[in-house]
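Novice: I'd like to ask you about the structure that follows.
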Ligand code: ZN
Ligand code: ZN
């Protein structure tokens with residue numbers, strides 16, 4: 007279990023005497039225990055897990071590095087008493103996550119304590135994956151790759167987008183996926199020009215592109231991949247668009263390494279599109295970080311001010327969408343290292359005609 011390491015990193019960067027972590031994902035990230043309620047109180051050298059009757063026993067057993075505290079209801083009064091006992095006058099909280107109602111209840115329960123926002127301290131920490139997180143993402147991605155490989159036998163003219171999506175989801179479950187990382191996208195023909203279109207009853211036909219964007223969930227972690235295949239045949243124009251997207255992706259992946267600006271990676275992919283006159287049809291950013299959530303910080307975008315760091319996991323997903331005609335997107339997941347990156351997506355990318 008790596009959670010003590012995560013807690014130590016969090017404790018080292020506390021912006022106040024102590025912090026509370028109340029959101030399900032961040033509490034799970036730091037404690038290793040997934041529940042739908044509870045508060046983690048973290049000081050520089052102590053950890054308490056305030057849990058109600060539904061979780062108290064499990065927390066006592068499964069989170070050995072935290073002292074379990076039984077609470078009634080939300081536990082704000084018990085938290086206030088604990089803070090008073092520990093002499094905590096300044097408490098950080100998840101201002102990006104907490105509801106206004108919870109904040110008001112917290113303020114009311116501890117009038118003498120000043121509350122400080124954690125801002126993006128936890129999202130920033132979560133951007134750098136540890137070994138355990140990387141292996142869960144790799145497992146989720148290997149489920150995704152295997153399902154795609156098997157799905158290729160199913161895709162043909164005559165099946166519907168919805169049938170393809172359903173088959174893909176069944177295959178991911180069969181290969182050990184524990185759920186979907188997000189709603190599966192399967193769009194063909196003119197629908198493929200909508201980057202995030204939903205699968206419909208459209209029947210795949212000769213000369214269509216089919217774009218599949220999908221991912222599995224495994225032990226709370228996601229994978230995310232996109233492939234575009236042609237049905238029956240591909241015109242020269244389809245091949246040119248496909249080749250341009252693939253080149254943009256490959257060049258961007260070659261550039262990725264710790265220390266490289268996120269914005270510049272996006273700009274490189276855009277410059278490849280520009281050479282072929284397709285730049286205006288690349289209508290989204292190049293990629294995003296992910297982990298427990300499918301979209302995390304930082305992004306590979308024109309607006310990003312961030313720099314890549316070793317340990318980040320990023321998607322690289324350029325696309326060209328010709329409105330009312332067709333679209334192509336290709337997406338891989340990469341793990342950023344000091345000297346480059348490791349591609350976590352094994353599925354081939356040459357144009358397949360099925
Ligand atoms: Zn995707
Ligand atoms: Zn993505």
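In the numbering used here, the protein residues as written are 7 to 360. For every residue, glycine included, the Cβ atom is placed at its ideal position computed from N, Cα and C.
Ligand 1 heavy atoms versus the CB of residue 302: any closer than 7 Å?
Specialist: Position 296 of the chain shown, counted from the start, is the residue given in the question as residue 302. Checking the Cβ of residue 302 against ligand 1 gives no.
Novice: Just to confirm before moving on: does the CB-CB distance between residue 47 and residue 13 stay below 8 Å?
Specialist: As a working mapping, residue 47 is identified with position 41 in the chain shown. As a working mapping, residue 13 is identified with position 7 in the chain shown. Contact flag unset, no.
Novice: Determine whether the beta carbon atoms of residue 21 and residue 122 lie at a separation below 8 Å.
Specialist: Within the chain shown, numbered from 1, the residue matching residue 21 stands at position 15. Within the chain shown, numbered from 1, the residue matching residue 122 stands at position 116. Yes; because the gap between Cβ atoms is below 8 Å, this pair is in contact.
Novice: Just confirm the distance between the C-beta atoms of residue 335 and residue 247, as a whole number of angstroms; I'd bet it's less than 8 Å.
Specialist: The residue given as residue 335 occupies position 329 in the chain shown. The residue given as residue 247 occupies position 241 in the chain shown. Rounded, the Cβ-Cβ distance is 11 Å, inconsistent with contact.
Novice: Taking DSSP as the reference, what is the three-state secondary structure of residue 7?
Specialist: The count along the chain shown starts at 1 and reaches residue 7 at position 1. Annotation note: pLDDT 45 at residue 7 (below 50); position unreliable, coordinate value reported separately. Looking at residue 7 - three-state DSSP - the assignment turns out to be coil, as it is neither helix nor strand.
Novice: Identify which residue in 313, 324, 269 has its Cα closest to the Cα of residue 278.
Specialist: Position 272 of the chain shown, counted from the start, is the residue given in the question as residue 278. Comparing Cα positions, the closest option is 324.
Novice: Whole angstroms is fine: what's the gap from residue 313's alpha carbon to residue 345's?
Specialist: Here residue 313 corresponds to residue number 307 of the chain shown, with the count starting at 1. Here residue 345 corresponds to residue number 339 of the chain shown, with the count starting at 1. Residue 313 and residue 345: Cα-Cα distance of roughly 14 Å.
Novice: Give the range of the beta strand (DSSP E) segment to which residue 233 is assigned.
Specialist: Translated into the one-based positions of the chain shown, residue 233 becomes position 227. First-last of the beta strand (DSSP E) with residue 233: 231-236.
Novice: Can the beta-carbon of residue 198 be found closer than 8 Å to that of residue 293?
Specialist: Taking the first residue of the chain shown as position 1, residue 198 is located at position 192. Taking the first residue of the chain shown as position 1, residue 293 is located at position 287. Taking 8 Å as the Cβ cut-off, residue 198 and residue 293 do not qualify as a contacting pair.
Novice: Assuming residue 188 and residue 300 are in contact, meaning their beta carbons sit under 8 Å apart, how far apart are those beta carbons, in whole angstroms?
Specialist: Locating residue 188 in the chain shown gives position 182, counting from the first residue. Locating residue 300 in the chain shown gives position 294, counting from the first residue. Rounded, the Cβ-Cβ distance is 5 Å, consistent with contact.
Novice: I'd like the ranges of any alpha helix (DSSP H) spanning at least 4 consecutive residues and lying wholly in the region 218-293.
Specialist: Segments of the alpha helix (DSSP H) lying fully in the region 218-293: 242-261, 268-281.
Novice: With a threshold of 7 Å on Cβ separation, who are the neighbours of residue 168 within its own chain once the five nearest residues in sequence on each side are excluded?
Specialist: Your numbering for residue 168 matches position 162 in the chain shown. Correct list, in chain order: 205, 206, 207.
Novice: Can we say the region 224-239 touches the region 133-152, given the rule of at least three CB pairs closer than 8 Å?
Specialist: They touch, by the three-pair rule.
Novice: Can you tell me which of the three DSSP states residue 208 falls into?
Specialist: The sequence position of residue 208 within the chain shown is 202, counting from 1. Residue 208 falls in the coil class under three-state DSSP.
Novice: Quick one: is residue 286 buried, meaning 16 or more other Cβ sit within 10 Å of its Cβ, or exposed?
Specialist: The residue given as residue 286 occupies position 280 in the chain shown. Exposed, since its Cβ has fewer than 16 Cβ neighbours within 10 Å.
Novice: Tell me the residue span of the alpha helix (DSSP H) that contains residue 154.
Specialist: Start at 1 with the first residue of the chain shown, and residue 154 comes out as number 148. Per DSSP, residue 154 belongs to the alpha helix (DSSP H) from 137-157.
Novice: CB of residue 299 to nearest heavy atom of ligand 1: below 7 Å?
Specialist: As a first step, residue 299 is located in the chain shown; it is residue number 293 there, counting from the start. No; taking the cut-off as 7 Å, the Cβ of residue 299 has no heavy atom of ligand 1 nearer than that.
Novice: To the nearest angstrom, how far is it from the Cα of residue 241 to the Cα of residue 213?
Specialist: Position 235 of the chain shown holds residue 241. Position 207 of the chain shown holds residue 213. Approximately 8 Å, taken between the alpha carbons.
Novice: To the nearest angstrom, how far is it from the Cα of residue 184 to the Cα of residue 234?
Specialist: Against the chain shown, residue 184 aligns to sequence position 178. Against the chain shown, residue 234 aligns to sequence position 228. Rounded to the nearest angstrom, the two C-alpha atoms are 24 Å apart.
Novice: According to DSSP, is residue 331 helix, strand or coil?
Specialist: For this step, residue 331 is matched to residue 325 along the chain shown. Coil.
Novice: CB of residue 337 to nearest heavy atom of ligand 1: below 7 Å?
Specialist: Taking the first residue of the chain shown as position 1, residue 337 is located at position 331. Yes, Cβ of residue 337 sits closer than 7 Å to a heavy atom of ligand 1.
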